[in-house]
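*Asks:*
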Amino acid sequence: MGPVVVDASVVLGVLDPRDAHHASAVRSLRAARGKGSAILLPASAFAEVLVGASRLGPQAMARTEAFVDSIVDQVSPIDRTVAKVAAVLRAAHKSIRLPDALVIAVGRSVRASAILTADTRWRGADRRVRVLR
């Protein structure tokens with residue numbers, strides 16, 4: 109079974125118990141772990157996760173980074189191949205923003221078994237996309 113690629117919305121959902129997607133994000137990551145899947149967070153999504161913490165200062169950044177390290181196995185780089193796949197996705201799906209296309213492109217490049225997000229606009233972009241409920 110391939111790895112599971114997660115969007116920033118999933119990590120932020122796990123991080124914040126008040127998030128509307130908290131329970132489903134936690135449940136989805138536990139299910140992936142239960143199947144033995146590695147959890148990958150694209151570097152672009154990692155940057156999204158860090159934005160709020162960066163506004164609060166270096167200690168918040170360090171705590172958030174430690175949290176991310178505790179729930180994901182790898183922060184996946186964005187290379188030239190991923191960038192090209194993302195560009196094609198963005199051009200083909202008007203509702204998908206470039207940061208979203210980068211996450212889906214990483215999922216394709218690593219042959220992910222699933223790509224998890226809370227964003228309903230991703231439906232139809234790739235057969236592996238799973239929207240949190």
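Sequence positions in the sequence shown follow the numbering used here and run 109 to 241.
Virtual Cβ for every residue (Gly too), placed ideally from N, Cα, C.
Note down the Cα distance separating residue 167 from residue 176, rounded to an integer number of angstroms.
*Replies:* Residue numbering aside, residue 167 sits at position 59 when the sequence shown is read from its first letter. Residue numbering aside, residue 176 sits at position 68 when the sequence shown is read from its first letter. Looking at the two C-alpha atoms, the distance is approximately 14 Å.
*Asks:* Count the C-beta pairs between the segment 188–203 and the segment 116–134 that are closer than 8 Å, then say yes if the count reaches three, no if not.
*Replies:* Contact between the segment 188–203 and the segment 116–134 is absent, because fewer than three Cβ pairs lie under 8 Å.
*Asks:* Rounded to whole angstroms, what is the Cα-Cα separation between residue 113 and residue 232?
*Replies:* As a position in the sequence shown, residue 113 is number 5, starting the count at 1. As a position in the sequence shown, residue 232 is number 124, starting the count at 1. Spanning the two alpha carbons is a distance of roughly 16 Å.
*Asks:* Measure the beta-carbon distance from residue 238 to residue 222 and round it to whole angstroms, keeping in mind my assumption that it falls under 8 Å.
*Replies:* As a first step, residue 238 is located in the sequence shown; it is residue number 130 there, counting from the start. As a first step, residue 222 is located in the sequence shown; it is residue number 114 there, counting from the start. That pair is a contact at about 5 Å.
*Asks:* Less than 8 Å between the CB atoms is what I'm expecting for residue 145 and residue 109, so what's the real figure, rounded?
*Replies:* The residue given as residue 145 occupies position 37 in the sequence shown. The residue given as residue 109 occupies position 1 in the sequence shown. Right, the Cβ-Cβ distance comes to about 6 Å (below 8 Å), so this counts as a contact.
*Asks:* Which of the three DSSP states is assigned to residue 150 in this structure?
*Replies:* On the sequence shown, position 42 is the one that residue 150 refers to. Three-state result, residue 150: strand.
*Asks:* Can you round the beta-carbon distance between residue 116 and residue 156 to whole angstroms, since I take them to be within the 8 Å contact cut?
*Replies:* Start at 1 with the first residue of the sequence shown, and residue 116 comes out as number 8. Start at 1 with the first residue of the sequence shown, and residue 156 comes out as number 48. Correct: roughly 4 Å between the Cβ atoms.
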